Structures are given as C-alpha cells and as structure tokens.
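Student: Quick one: this structure, given as structure tokens, is what I'll be asking you about.
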Amino acid sequence: MTLSSPGTPRRSTPYGLLTATLATIMTLCAILQALDVPQMLGLSLYTEQYLASILAFALGMTFLVAPRFTGRLRFLDPLMALAGFCAAGYIALSYPTIVNELVYRPVDGLTVSLVIGLLTIEAVRRLTGPGLTVIVSLFLAYGLVGYLLPFEMTRQILWDRLAIYVVMDTNGLIGLPLMVTASMVFSFIFLGQLLVSSGGSAFFNDLALALVGRSRGGAAKIAVVSSFLFGSVSGSAVANVAASGGVTLPLMRRAGYKPHMAAAIEALSSTGGQLAPPIMGAAAFLMAEFLQISFATVILAAVIPSLLYYLAIFFYIDAHAAANGMSLPEDVEIRPLRQVLADGWQFVAPFVILICGLFGLNWRPELAALAAALALALLALFLPYRGKRSRLGDLLRAFPDAGKGMIEIVIIAAAAGMVIGVLNISGLAFSLTLNLVAMAEGSLMLLLLIAALVSVVLGMGMPTVGVYVLLASLIGPALVRAGIEPIAAHMFLLYFGMLSMITPPVALASFTAATMAGAEAMKTGWQAFRMGWVAYLIPFVMVFEPGLVMQAEPADVMWQLTGALIGVWFATGAIYGYLTRHLGIVERILLGTIALAGILPFSLGWGGHLVNLLAIFAGVVLIFRTRLIPSLSGRS
C-alpha cells in the first residue's frame with residue numbers, strides 16, 4: 010500500500026499521536042502558505058524555506074509510519090526521524106544565510122546535504138520499494154563516476170559539490186517537483202480527504218448505481234463509474250483500488266464475474282483516475298509547471314484521452330455482459346438519480362466551485378481547491394446525506410489524514426528533484442536530448458517507441474508521478490525538439506507512466522486488486538492489459554492528431570474525436586469477439602483493420618478524412634448488414 014492519497018490503510022505504529030500532530034501541523038502550514046498568510050503578516054520568507062519545512066515534516070513522519078527496526082535497534086527509527094526533521098529544519102531556518110555560502114561548500118551545508126540525501130533515499134525505499142530507490146542511486150553514482158564512462162556525456166564532479174547541489178540547489182531536491190507538490194498537490198489532497206471524511210464516497214457509489222446500475226453489466230459499470238469519480242479526487246491507482254475495491258469487487262463477484270475479470274476491471278478503472286479531470290493526479294500539476302501553462306489547459310487536454318480510456322473499458326464490459334447475459338443482483342438497491350442528486354448536491358457543489366475558479370475566475374489551482382474544500386466543509390456540517398450529518402470531528406480528521414497522505418508524494422518529489430539535479434549538473438540532460446533528437450531525424454516513431462518502452466520499464470514498481478518526472482526530464486525535451494506539440498508529448502509520457510500500473514510483469518494496481526479479489530496476480534495483469542488496449546494506442550495517435558489534446562481547430566477536434574470513438578468501439582468488439590452479436594474470426598480481423606483505419610491519422614488533409622470515413626462506413630456495414638456477407642458470420 011502507498012501513502013499517496015485518501016483511503017490508503019497503513020499498519021498502526023507506537024508513534025500514532027506524534028505522527029498525527031506532525032501531519033496536522035504540516036497541513037496547516039501548506040494551507041497558510043497557499044493563502045499567502047505569511048506575506049499578509051509581513052513575513053519575508055524564501056520559497057525554499059517553506060519547501061524545506063515540508064520536507065522536514067515528511068522525513069520526520071516517514072520513519073515513524075514505516076518503521077523497520079525491532080528489538081534493541083528499534084530506537085534507530087525515531088533517531089532517523091529526528092535527524093531528518095532537524096536537518097531539513099536547519100535549512101528552513103538558516104537558508105537566507107547559508108544560500109550565499111554554498112559555493113564555498115561549508116561544513117554545515119555539506120553535513121545537512123548528506124543527511125537529507127541519504128535519508129531521502131532510505132525513505133523512498135521504505136515507502137515505494139526498490140524501483141525508484143535503485144534509479145536515484147544509479148543517477149547519483151553516475152554523477153560521481155559518469156565522466157569515466159566511454160561515451161563522454163558528462164563531466165567530472167567533486168563529491169561534495171554534487172551533494173550540496175542535488176540537495177540544496179533550486180534545480181535539485183528543493184526544486185520544481187517539491188514546489189508543485191507542497192503547494193498545488195497538497196490542497197487537492199486535502200480536498201480529497203475532506204470529501205472522504207464527509208461521506209462523499211457513499212454518494213459516489215449511489216451516483217454510480219443510479220447512472221449505470223440498471224444497464225447490462227451494471228455491476229462492472231458501477232465499478233468503472235465509482236472508481237472514476239473517486240480516482241479523479243485521489244489521483245493514486247493503488248489507493249483507489251484499496252478504497253473503492255472493497256465495495257465494487259464483492260458486488261462484481263456476486264453478479265457472476267470471475268475473480269481475475271473483476272480485479273482487472275477495478276484496476277483499470279482506478280488507474281484511469283490519474284488522468285481523469287477535473288483533479289487528475291499529482292503529475293498533472295507538474296506537467297503544467299514543466300510546460301509553463303495553466304492547470305486548466307492540462308485539464309482540457311486530458312478530457313478526450315480520459316474519455317477514450319474509460320469508453321474502451323465500458324465497451325468491453327458491455328460486450329462481455331451481452332455475450333454472457335450478466336446483470337446486477339436483484340437485491341441491490343438502486344435509488345433514482347434525481348433523488349441521489351437532491352440528497353447529495355452538497356458533494357457536487359464543491360466541484361462546480363473548483364471548475365468555476367479554475368476556468369472562470371482564473372484562480373491559482375491551490376486557491377480554487379481550498380475554496381471548494383471550504384464550501385464542502387460548510388455544506389457537510391449542515392446538510393445530511395441519507396440521514397447522516399457530518400460532525401466537526403469527522404471533518405477535522407482531514408487535517409492529519411491529508412498530511413499523512415502527502416508523505417509519499419513529498420518524498421517521491423524530493424527524490425525526483427535529486428535526479429533532476431544530477432541531470433543538470435552533469436550535463437546529461439542536454440547530451441541525451443541531442444542524441445535522441447538525432448535519432449528522431451531518422452524515425453519519429455522509433456523515438457516514440459523508445460519513450461513508451463522506457464516509461465513502462467521505469468514504471469515497474471514506481472508511482473506514476475515519479476515516472477513522469479523522470480521521463481519529462483529525460484525524454485520530454487527530445488520529443489518537443491523533434492517537432493511534437495509540447496502538451497501532446499508530455500501527455501504521451503504521462504499516459505505511459507500511468508500504464509505501468511496495469512502492465513505485467515510488475516503492475517501494482519492489478520496486483521492489489523487481484524489480492525483483494527482472491528485472483529491470480531499475473532492472470533489479472535494480462536486481463537487488464539487486454540481490456541485496456543486503447544491506452545497503448547491512443548498516446549501515439551494524439552501525437553499525430555493534436556486535436557485529441559485540444560490543440561487544433563474545433564472542427565478538427567470533433568472529426569478526430571468522432572473517428573477515435575467509433576474506432577475504439579469497433580476495435581473493442583474485434584478484440585472481444587462480440588459487437589451487437591457474436592463475431593467470427595474473419596469478421597474480427599476485418600473489424601480490427603477497419604478500426605485502425607478509422608483511428609489512425611493517415612494525413613492532415615481531405616485524403617485522410619476520406620479514409621477515416623470509408624473505414625467507419627465499412628464497419629457499420631460489416632456489423633449491421635450481415636446478410637450481405639453470411640459466409641463471414643460466426644454464431645447468429
């Protein structure tokens with residue numbers, strides 16, 4: 010389990026009260042900073058001082074919530090927590106002075122840099138496992154000895170200069186990833202925790218039941234809708250599986266779904282939440298900063314890719330339910346949609362405020378999120394849902410829960426900052442970009458395939474935000490210089506970083522869902538891979554059809570969206586073997602070919618549009634006019 014979002018359980022430790030206190034203080038600091046309270050009070054603080062204070066709390070809590078020592082050595086966990094808290098706290102207090110002395114590599118600066126760097130690596134290992142830990146360690150090693158390697162892509166760096174730079178420079182640990190995490194992401198995590206504390210998860214489940222519960226395959230479609238709604242708030246695939254899977258997995262099993270099928274549906278639906286507007290995951294905020302665009306622009310760019318992702322799952326579920334006659338168990342209560350919305354409009358209003366703040370008033374994302382959180386808290390205190398009104402104590406739990414939920418994200422951002430520091434000081438980022446661009450001159454598709462492969466490989470055991478930061482630093486500049494629209498290039502990287510959660514052999518979301526459903530892990534992973542096929546194709550398409558990320562004229566956007574939607578429907582039927590009826594093997598091959606002709610960008614002119622249109626027409630004829638081709642039909 011991870012700590013990255015609401016609803017993620019973690020075993021209890023002897024330091025519960027201390028951790029809750031630190032988490033509450035950290036959340037309050039983040040809220041005050043987002044509201045510019047220090048500036049209102051006349052306090053002139055460096056942004057780096059705030060970031061160091063957030064890191065101090067995160068390091069201090071990591072070794073308390075994830076202890077590793079027992080017996081006589083158990084004192085080491087609180088000792089490491091204290092060391093991390095004091096070292097980062099020292100930077101927070103003395104940064105205005107020490108920042109002018111770093112070029113001389115002072116003893117105090119070098120000491121705290123080594124302590125913070127080593128403890129950050131250990132914190133990453135405890136919270137995320139070996140994946141990101143090994144990568145960070147390899148990059149640091151490269152910074153030290155990379156100049157000895159034969160391909161000459163870096164220069165020699167002294168160890169003390171490297172230590173100070175990657176930890177204390179604004180291009181390193183206390184740089185962009187930590188800044189975005191400690192400001193924008195924190196506010197949205199707080200909003201998510203407040204939503205859970207006020208009973209929003211029950212409303213999401215009721216809303217999903219009302220929307221799709223009566224349709225065929227309703228149990229699985231409920232899982233998709235509820236995971237989408239909750240996942241857009243949590244932004245963490247594994248936490249989403251843990252939170253929503255407890256309800257949706259038993260429901261799907263009762264409806265007749267096999268364990269691996271139910272687990273695959275839940276894993277896919279939860280993973281897509283990281284790409285689902287209006288909140289998305291932490292990586293979306295980083296994308297906005299990397300590209301120097303508004304968060305609202307990122308939200309718009311994610312609308313169509315997210316729609317195609319979830320519709321592909323819906324089409325597959327619908328085909329499976331139609332072919333096997335599956336429906337929701339009769340004893341499940343489905344309340345009318347009007348009643349659900351009338352009883353729970355207080356959970357919808359904050360999202361309206363959020364969207365209006367982002368798009369209409371052009372507020373900063375963190376300010377819009379806090380305004381939505383305030384509205385939610387006030388409404389939840391006075392308006393009950395299904396006869397239950399939130400108590401003040403329930404809402405106050407969002408403060409420590411948000412702080413705990415931020416620990417992993419802060420640590421990952423710090424580790425990613427260290428990698429970026431190595432890339433900058435060694436010159437590797439520039440050299441790598443030049444080499445990849447030279448490769449792209451021969452074949453842009455080859456560059457995209459390399460980027461996709463690296464994304465999936467790096468994502469094995471790593472959270473999506475860590476994968477995206479590394480890829481945006483390593484490969485993002487090369488994709489942009491190769492001529493790809495910047496937002497399409499970064500959306501490509503984010504998409505494939507997200508897919509590592511469902512792609513075997515290491516698929517954290519799939520394996521978590523499999524454990525909860527009592528299914529085989531690898532069987533679940535491959536089923537999720539098959540059902541989520543569109544997620545492996547659409548990133549390539551949106552690179553060549555920027556209308557899919559809203560970077561084209563409205564007419565082109567609508568045309569590309571229409572072709573993609575129909576193509577996804579056709580292709581899903583070809584993969585499953587059912588689309589309004591059972592399909593024979595020859596029909597499936599033909600339909601799959603037609604689907605690709607409808608989706609893929611053949612040209613930017615009328616010739617390409619004509620190919621897409623003919624493909625759509627041929628698919629319709631193949632599906633609905635079966636009497637014209639009886640020899641190709643499978644079962645009637």
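If you read the sequence shown in our numbering, its first letter stands for residue 10, the second for the next number, and so on.
All C-beta atoms in this analysis are idealised placements derived from N, C-alpha and C, irrespective of residue type, glycine included.
All figures in this text were calculated on a predicted structure; none of them were measured in a lab.
1) Starting from residue 121, follow the alpha helix (DSSP H) in both directions and report where the run begins and ends.
2) Can you tell me which residues form a DSSP beta bridge with residue 269?
3) Taking only runs of the alpha helix (DSSP H) that begin and end inside the region 28 to 98, which ones reach a length of at least 4 residues, in chain order?
4) Tell me residue 329's beta-bridge partners as DSSP assigns them.
5) Under three-state DSSP, which class holds residue 142?
6) Which same chain residues end up closer than 8 Å to residue 26 when comparing Cβ atoms and leaving out the 5 residues on each side of it in sequence?
7) Can we say the region 413 to 429 touches the region 174 to 185, given the rule of at least three CB pairs closer than 8 Å?
8) Which residues in the same chain have their Cβ closer than 7 Å to the Cβ of residue 315, if we skip the five residues on either side of it in sequence?
9) Compute the Euclidean distance between the alpha carbons of residue 607 and residue 538, then round it to the nearest angstrom.
10) By DSSP's criteria, residue 397 is part of a beta bridge. Which residues make up the other side?
11) List the DSSP bridge partners of residue 591.
12) CB-CB under 7 Å to residue 224, same chain, minus the five flanking residues each way: which ones, in chain order?
13) Whether or not the region 183 to 199 and the region 319 to 329 are in contact is what I'm after, with contact meaning three or more pairs of Cβ atoms, one per stretch, closer than 8 Å; do they touch?
14) Where does residue 236 land, buried or exposed, given buried means 16+ other C-beta within 10 angstroms?
15) Can you give the Cα-Cα distance for residue 163 and residue 157, rounded to whole angstroms?
16) Contact between the region 391 to 411 and the region 327 to 338: three or more CB pairs below 8 Å?
17) According to DSSP, simplified to helix, strand and coil, what is residue 6?
18) So, is residue 353 buried or exposed, given that buried needs 16 or more other C-beta atoms within 10 angstroms?
19) So residue 153 and residue 166 are supposed to be a Cβ contact under 8 Å. How far apart are they, rounded?
20) Could you please give the first and the last residue of the uninterrupted alpha helix (DSSP H) stretch that includes residue 196?
21) Grouping DSSP H, G and I as helix and E and B as strand, with all else coil, what is residue 340?
22) Starting from residue 169 and walking both ways along the alpha helix (DSSP H), at which residues does that stretch end?
23) Please name the residue, chosen from 71, 65, 124, 234, that lies closest to residue 102 on a Cα-to-Cα basis.
24) May I ask you to report which of helix, strand or coil DSSP gives residue 335?
25) Could you tell me if residue 458 is buried or exposed, where buried requires 16 or more neighbouring beta carbons within 10 angstroms of its beta carbon?
26) Is residue 418 helix, strand or coil by DSSP?
27) Take every Cβ of the region 291 to 303, pair it with every Cβ of the region 490 to 508, and state whether three or more of those distances are shorter than 8 Å.
28) For residue 422, which residues in the same chain have their Cβ closer than 6 Å to its Cβ, ignoring the five residues on either side in sequence?
29) Identify which residue in 475, 311, 344, 69 has its Cα closest to the Cα of residue 214.
30) Quick check on residue 412: does DSSP put it in helix, strand or coil?
31) Please determine, among 365, 359, 395, the residue with the shortest C-alpha to C-alpha distance to residue 383.
32) So for residue 109, helix, strand or coil by DSSP?
33) Of all the options 109, 415, 129, 578, which has the alpha carbon lying nearest to the alpha carbon of residue 602?
34) Under the rule that 16 or more other beta-carbon atoms within 10 Å means buried, what is residue 84, buried or exposed?
35) According to the neighbour-count rule (16 or more other Cβ atoms, all chains shown, within 10 Å of its Cβ), is residue 171 buried or exposed?
36) Helix, strand or coil for residue 650 per DSSP?
Tutor: In short:
1) 116 to 137 is the extent of the alpha helix (DSSP H) around residue 121.
2) Per the DSSP secondary-structure output, residue 269 pairs with nothing in a beta bridge.
3) For the alpha helix (DSSP H) assignment, the uninterrupted runs of no fewer than 4 residues enclosed by the region 28 to 98 are, from N- to C-terminal side, 46 to 49, 56 to 74.
4) In the DSSP output, where bridge partners are listed per residue, residue 329 has none listed.
5) DSSP, read as helix, strand or coil, puts residue 142 in helix.
6) Cβ within range, chain order: n/a, list empty.
7) These segments touch.
8) The beta carbon of residue 315 lies closer than 7 Å to those of 281, 284, 285, 286 in the same chain, with the five residues before and after it left out.
9) In this structure, the straight-line span from the alpha carbon of residue 607 to that of residue 538 is close to 22 Å.
10) DSSP, once it has assigned bridges, lists 394 as partnering residue 397.
11) Residue pairing by DSSP places residue 591 opposite 587 in a beta bridge.
12) So the list reads 230, once near-sequence residues are dropped.
13) Contact fails: fewer than three Cβ-Cβ distances are below 8 Å.
14) Around the beta carbon of residue 236, 16 or more other beta carbons lie within 10 angstroms, which makes this residue buried.
15) Spanning the two alpha carbons is a distance of roughly 9 Å.
16) The answer is no - the region 327 to 338 does not touch the region 391 to 411, with fewer than three Cβ pairs under 8 Å.
17) Because the chain spans 10 through 645 in this model, residue 6 falls outside it and cannot be assessed.
18) Using a 10 angstroms sphere on the CB of residue 353, the tally of other CB atoms reaches 16 or more, which defines it as buried.
19) For residue 153 against residue 166, the beta-carbon gap comes to about 7 Å, under 8 Å, which counts as contact.
20) Looking at the DSSP string, the run of the alpha helix (DSSP H) that includes residue 196 is 195 to 206.
21) Reduced to three states, the DSSP call for residue 340 is coil.
22) Residues 168 to 177.
23) Nearest to residue 102 by C-alpha distance, out of 71, 65, 124, 234, is 65.
24) Residue 335 falls in the coil class under three-state DSSP.
25) With fewer than 16 other Cβ atoms within 10 Å, it is exposed.
26) Here residue 418 sits in helix by DSSP.
27) The region 291 to 303 vs the region 490 to 508: in contact.
28) The beta carbon of residue 422 sits closer than 6 Å to the beta carbons of 186, 187, 190 from its chain, once the five residues preceding and following it are set aside; these are given in chain order.
29) Ranking 475, 311, 344, 69 by Cα distance to residue 214 puts 344 first.
30) Taken through DSSP and simplified to helix, strand or coil, residue 412 comes out as helix.
31) Residue 359 is the option with its Cα nearest to residue 383.
32) Looking at residue 109 - three-state DSSP - the assignment turns out to be coil, as it is neither helix nor strand.
33) Considering only alpha carbons, the answer is 578.
34) Label assigned to residue 84: exposed.
35) Under the 10 Å beta carbon count, residue 171 is surrounded by 16 or more other beta carbons and is classified as buried.
36) This structure cannot speak to residue 650, because the chain is shown only from 10 to 645.
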